[in-house]
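Let me begin by presenting the structure, written as structure tokens, before commenting on it.
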Amino acid sequence: MAGGVKRGALIGCGFFARNHLHGWQDVEGAEIVAVCDLDHEKAQAVGREFGIAGVFDDAARMLAETDLDFVDIATTPPSHRSLVELVCRHGLAVICQKPIADTYAEARAMVEAAEAAGVPFLIHENFRWQLGFVRIKAALDAGRIGAPRFARLSFRHGFDVYATQPYLATIERFVLMDVGIHLYDVLRHLMGEVSHLACETASLRPGVAGEDSFTSLLRHSSGAVSVVDCSFASTIHPEPFPATLAWIEGSTGTLELTTDLRLHIHAAGEKVVESADPEVPAWGARPWHTIQDSVIRFQAHVVDVLNGRAEPQPSGRDNLNTLALTLASYDAMRERQLIDIAQWQERQ
Ligand SMILES: NC(=O)c1ccc[n+]([C@@H]2O[C@H](COP(=O)([O-])OP(=O)(O)OC[C@H]3O[C@@H](n4cnc5c(N)ncnc54)[C@H](O)[C@@H]3O)[C@@H](O)[C@H]2O)c1
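With our numbering as the guide, the letters of the sequence shown map in order to residues 24 to 371.
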């Protein structure tokens with residue numbers, strides 16, 4: 024697999040796949056040579072727009088007929104396991120959109136399938152690849168605020184996400200699985216593993232089936248404490264979507280990521296303000312550019328992994344711990360219990 028431009032296929036040509044396809048065109052070292060969607064017209068439209076010759080409505084046929092190095096899965100979770108296992112049977116590297124699966128058992132089976140096949144397995148967790156979090160991770164690793172002791176991640180907005188993703192209004196498990204899982208991945212990436220978790224959820228907007236807000240309190244193995252809060256039913260002007268705000272206190276300083284994409288670093292008796300505002304891709308637009316840029320960063324990382332220059336960030340195995348926090352949050356809410364995450368994972 025080393026050297027040369029890596030040949031990829033994309034499965035799922037829906038709403039978010041457009042970001043994948045634009046991103047792959049911007050990234051050096053990989054190209055998408057085939058696309059697949061159960062809805063043949065969607066695959067054909069994408070093939071035409073992005074100049075991709077291979078157009079399929081059956082993933083098994085696409086894999087049998089196409090010479091590939093990797094497969095990028097951008098479908099919704101119910102199809103993830105069967106598609107990942109199919110790709111593993113072909114011995115190809117596989118990338119799967121979040122959430123990896125609806126259940127922990129399914130996710131674990133997928134990780135085991137990839138490990139048994141000896142193929143790289145990455146989860147498309149692009150939030151940790153947003154420039155703000157890339158900069159925060161570098162600042163923490165450089166010790167700019169000392170040892171992290173407290174974090175707050177906040178994702179609150181009133182944006183009409185249902186216009187482009189109508190299925191979000193109908194799913195029983197909503198914001199924890201949609202955005203909570205991103206926030207938990209970022210939190211583990213920055214603050215380390217979580218030992219205990221409590222969570223409260225609420226369903227605020229009429230016509231939305233699942234929870235559209237949650238607040239979680241987490242204890243890390245390091246002893247640090249975090250709060251993660253998220254709402255899709257907040258009235259805020261100007262609308263902050265899709266910004267994630269962060270506040271992290273360390274033993275010698277504090278980091279703050281604000282809606283205007285600035286990183287404030289309070290340390291050594293002063294505050295330094297740095298930009299965390301990425302370039303807008305040629306195909307992109309504000310304010311989506313933070314997400315669009317993070318997709319390109321993640322995909323450039325995938326090329327590094329395919330060429331043996333990096334370890335998956337995050338891997339499927341790593342992502343099991345993120346999924347555990349997400350699913351355990353529902354149990355914490357239902358049982359009004361503080362959940363011990365290691366014990367919760369053992370029970371699955
Ligand atoms: N990382 C992010 O920032 C981000 C943002 C939005 C969505 N997502 C994730 O992306 C995934 C897709 O979301 P979406 O909003 O694009 O969904 P979507 O419903 O718009 O698109 C999914 C597509 O997959 C196709 N599909 C389903 N099963 C298939 C199969 N077995 N073979 C081929 N095609 C199949 C469907 O026909 C559909 O066109 C979800 O898991 C979602 O959580 C991630």
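We put the beta carbon where it would ideally sit given N, CA and C, even for glycine. Treat the numbers as computed from the prediction; the structure is a model and nothing was measured.
DSSP state of residue i mapped onto helix, strand, coil
i, result
"SER317", "helix"
"ALA186", "coil"
"CYS36", "coil"
"ARG167", "coil"
"SER102", "helix"
"ARG357", "helix"
"THR349", "helix"
"PHE264", "coil"
"GLY70", "helix"
"LEU213", "helix"
"GLU302", "coil"
"LEU329", "helix"
"PHE197", "coil"
"ILE259", "coil"
"ARG309", "coil"
"ALA161", "helix"
"ILE288", "strand"
"MET24", "The pLDDT assigned to MET24 is 48, lower than 50, so where the model puts this residue is not dependable; a value taken from the coordinates is nonetheless given after this. Residue state, collapsed to three classes: coil."
"ARG340", "helix"
"ILE75", "coil"
"GLU334", "coil"
"ASP363", "strand"
"ALA97", "coil"
"ASP208", "helix"
Near ligand 1: residue i beta-carbon under 8 Å from a heavy atom
i, result
"THR193", "no"
"LEU61", "yes"
"GLY181", "no"
"LYS294", "no"
"GLU148", "yes"
"ALA97", "yes"
"ALA124", "no"
"GLY35", "yes"
"SER105", "yes"
"ASP208", "no"
"HIS205", "yes"
"GLN366", "no"
"VAL319", "First, the residue type needs correcting, since residue 319 is Ile and not Val in the sequence shown. Outside the cutoff, so no."
"ASP316", "no"
"ALA40", "yes"
"SER102", "yes"
"TYR353", "no"
"TYR190", "yes"
"GLN120", "yes"
Candidates the options: closest to residue i by CA position
i, options, result
"ASP363", "LEU163, CYS222, ARG309", "CYS222"
"ARG167", "PHE93, THR275, PHE144", "THR275"
"TYR185", "GLU369, TRP270, ASP235", "ASP235"
"VAL202", "SER254, CYS36, LEU227", "SER254"
"ASP208", "GLU195, ALA137, ALA32, PRO122", "PRO122"
"VAL231", "VAL250, ALA68, GLY181, LEU210", "GLY181"
"VAL217", "VAL251, LEU106, MET200", "VAL251"
"HIS212", "LEU176, MET200, VAL110", "LEU176"
"GLY46", "ASN149, GLY141, HIS260", "ASN149"
"SER298", "ALA308, ALA291, HIS287", "HIS287"
"ILE34", "MET200, GLY273, GLY70, VAL325", "GLY70"
"LEU350", "THR224, GLY292, HIS260", "THR224"
"ALA355", "HIS219, LEU206, ALA128", "HIS219"
"SER239", "HIS289, PHE178, CYS111", "PHE178"
"ASP60", "ALA97, GLN188, THR126, VAL28", "ALA97"
"TRP306", "LEU280, PRO335, LEU44", "LEU44"
"ASP327", "GLU51, VAL142, THR193", "GLU51"
Contact check, residue i vs residue j, beta carbons under 9 Å
i, j, result
"TYR190", "THR267", "no"
"THR282", "PRO263", "yes"
"PHE321", "HIS147", "yes"
"PRO337", "ARG151", "yes"
"HIS63", "ASP80", "yes"
"LEU284", "LEU154", "yes"
"GLY31", "ASP95", "yes"
"LEU145", "GLY339", "yes"
"ALA170", "ALA269", "no"
"ALA128", "GLN371", "yes"
"ALA130", "ASN342", "yes"
Check: residue i C-beta below 8 Å from any heavy atom of ligand 2
i, result
"ASP80", "Ligand 2 is not part of this structure, which contains only ligand 1."
* Asked: Which ranges does the beta strand (DSSP E) cover as unbroken runs of at least 3 residues, wholly within the stretch 108-149, from first to last along the chain?
  -> 116-120, 144-147
* **Contiguous beta strand (DSSP E) assignments of at least 3 residues, all confined to the stretch 211-247** => 217-225, 236-243
* To do: Could you name each continuous beta strand (DSSP E) segment of 3 residues or more that falls completely within the stretch 44-69, going from the start of the chain to the end?
  => 53-59
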